[in-house]
Amino acid sequence: MRAKEEFDQGNVKCLIYLSLGQESIPAGVSAAVSAGKPWILGQHRAHATYLCFGGSREPLVDELLGLPSGCCGGMAGSPPIQDYENRILGHIGLIGDQVPVATGVALTNPEDQVICFFGDGAAEEDYVLAALGFAASRNLNILFVCEDNDLSVLTPTSVRRNWKITDVADSFGLETVEIADDPWLVAHWANRLKGRPALMNVQTCRDIWHVGTGNDGPPEWDRFQMTKDTMAKIGLRHESQAIEEEATAEIEELWAKRLQILFAN
Numbered sequence: 000m001r002a003k004e005e006f007d008q009g010n011v012k013c014l015i016y017l018s019l020g021q022e023s024i025p026a027g028v029s030a031a032v033s034a035g036k037p038w039i040l041g042q043h044r045a046h047a048t049y050l051c052f053g054g055s056r057e058p059l060v061d062e063l064l065g066l067p068s069g070c071c072g073g074m075a076g077s078p079p080i081q082d083y084e085n086r087i088l089g090h091i092g093l094i095g096d097q098v099p100v101a102t103g104v105a106l107t108n109p110e111d112q113v114i115c116f117f118g119d120g121a122a123e124e125d126y127v128l129a130a131l132g133f134a135a136s137r138n139l140n141i142l143f144v145c146e147d148n149d150l151s152v153l154t155p156t157s158v159r160r161n162w163k164i165t166d167v168a169d170s171f172g173l174e175t176v177e178i179a180d181d182p183w184l185v186a187h188w189a190n191r192l193k194g195r196p197a198l199m200n201v202q203t204c205r206d207i208w209h210v211g212t213g214n215d216g217p218p219e220w221d222r223f224q225m226t227k228d229t230m231a232k233i234g235l236r237h238e239s240q241a242i243e244e245e246a247t248a249e250i251e252e253l254w255a256k257r258l259q260i261l262f263a264n
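In numbering that gives the first Met the number 0, the protein residues as written are 0 to 264.
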């Protein structure tokens, strides 16, 4: 949210692709990683993915602010964020490019787990489908996660195609599942599908436009609020509130410090 606020105030100058509304997917997948560091390849909307898998917050904020201490030297902006020490490889801006790249990473690192996130629009690119088929034919240790917000920019899936990515992936030989973005459900399936070529299509809601910070009204559902409601029902309301307050305070302090550096320059 602070990135959105700073963009609206003119402090973030680059085009911005936010994860708002879709955060529960990488959060759930990351909860299923029990040991070792998997290779992570995210889509252009990857801030949540970066943070969930250990990406450092300061370089991310600095990248959005265009500071040389950013994770890409302040020269790449919002989509290509990376943290090589945590095996998070950046997106280059070509829709779906991370899928064949992730497949190559899995081919050359057979002992490592690879997790690749992409959107439902990228599922329609020919090189994405070819990579899925190759991963299945080589039995690679890779989990593909389609963050399906039912929109390619502004066009719904029903207008774009009459097939499902899970059906295509299944025909290639990948194990597939189609679920909603409940983080506990995502974590369950990410754990079950480890160690083999598989694809999860996770239905979610994008809170804001494809690029920028506007919206066309409230999303169909608010997974963040739904998750807080669930925690309250199981007796964890105070713990949930404490976590949110602590995280908010940390983020406010972080942005204040980084903005001070920006304005000093």
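Ideal Cβ placement from N, Cα and C applies to all residues, glycine included. Just so it is clear, the structure is predicted and the values come from calculations on it, not from any experiment.
One alpha carbon belongs to PRO155, the other to ASN148, and they sit about 9 Å apart. The region 98–117 and the region 55–64 do not touch, with fewer than three beta-carbon pairs separated by less than 8 Å. Exposed is the label assigned to PRO217, since fewer than 16 other Cβ atoms lie within 10 Å of its Cβ. Distance check between ARG56 and each of PHE262, LEU261, ARG257 and ALA263 places ARG257 closest, using alpha-carbon atoms only. For the set CYS13, GLY27 and ALA105, the Cα lying nearest the Cα of ASN190 is the one of GLY27. In its chain, beyond the 5 residues on either side, ASP147 and ALA179 have a beta carbon closer than 6 Å to the beta carbon of GLN202. In this chain, the beta strand (DSSP E) harbouring CYS145 covers 141–147. The C-beta distance from PHE117 to CYS71 rounds to 20 Å, too long to fall under 8 Å, and the pair is not in contact. According to DSSP, GLN202 shares a beta bridge with ASP147 and ALA179.
Taking C-beta atoms as the reference points, LEU14 and VAL210 count as a pair closer than 9 Å. Judged by pairs of C-beta atoms under 8 Å, the region 99–115 touches the region 128–138, as three or more such pairs exist. Distance from LEU261 to ASN10 at the Cβ level is roughly 7 Å; contact confirmed, criterion being Cβ atoms closer than 8 Å. The beta carbon of ILE141 lies closer than 7 Å to those of ALA101, THR102, ALA105, VAL113, CYS115, ALA134 and PRO196 in the same chain, with the five residues before and after it left out.
Pairing GLY234 with ILE242, the inter-Cα distance amounts to about 14 Å. With a cutoff of 9 Å on beta-carbon distance, ASP221 and GLY20 are scored as near each other. In its chain, beyond the 5 residues on either side, LEU192, ARG195, PRO196, ALA197 and LEU198 have a beta carbon closer than 8 Å to the beta carbon of GLU174. When rounded, the separation of the alpha-carbon atoms in ILE207 and LYS36 is 31 Å. The DSSP-derived three-state label of THR48 is helix. Residue pairing by DSSP places LEU40 opposite LEU88 and CYS115 in a beta bridge. The beta carbon of TRP188 sits closer than 7 Å to those of VAL176, ILE178 and MET199, all from its chain and outside the five residues before and after it, given in chain order. In this structure, the CA atom of HIS90 is about 29 Å from the CA atom of GLN224.
9 Å or more divides the Cβ of GLU123 from the Cβ of ARG86.
Per DSSP, GLN259 is one residue of the alpha helix (DSSP H) stretching across 236–263. The bridge partners DSSP lists for PRO155 are LEU150.
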